[in-house]
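In terms of the working numbering, the sequence shown is residues 2 to 121.
C-beta atoms are modelled at their ideal positions from N, C-alpha and C, and glycine is treated no differently.
As the structure is a prediction and not an experimental result, all values here were calculated from the model.
Here is the structure we will look at, set down as structure tokens.
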Amino acid sequence: MIDFMNESSGDTLGIHASGKLTRTDYETILIPQLAELFKAHGQLNIVFYMDQTFEGWDLEAAWDDASYGLMHRADFGKLAVVGGPAWVDRSIKLIGFLMKGEIKVFGSDQLAQAWQWIST
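Below, the structure is given as structure tokens:
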């Protein structure tokens, strides 16, 4: 499931991920919101927070995430990835070289620090 965080404003979007993300989450919630914000602001900063219930992506959602991310790899200024299983941290570090913006990984207890970093 995807929810947007109350701290979101302007060109900064906070995404709260829980459970298993599906293609429906991407097609009906995340991608329309990102498209609207890209149109309004050009480049975006993202805080992606995975809570303790986060289980990952189903195959279709993983494909949507990867393809949309690659299509917009130059459109993200900063990406703060917070929490999630250890494999997410390793994956982010491996694919981080594809993004033109800055990426920083934070522990699950560092959400406030992620918001501080994204706003500087």
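Check whether the Cβ atoms of K21 and E61 sit closer than 8 Å, and answer yes or no. No, Cβ-Cβ distance for K21 and E61 is not below 8 Å.
> Which term fits M51, buried or exposed, when burial requires 16 or more other beta carbons within 10 angstroms of its beta carbon?
Replying inline: A residue is called buried once 16 or more other Cβ atoms fall within 10 Å of its Cβ, and M51 is buried on that count.
**OP:** Taking only the alpha-carbon atoms, compute the straight-line gap between A113 and S92 and give it to the nearest angstrom.
**Re:** In this model, A113 and S92 are separated by some 23 Å (Cα to Cα).
Whose C-alpha, out of W88, Q111, S68, Q44, is nearest the C-alpha of G78? Out of W88, Q111, S68, Q44, Q44 has the C-alpha closest to the C-alpha of G78.
For K79, the three-state DSSP class (helix, strand or coil): Note: K79 maps to strand in three-state DSSP.
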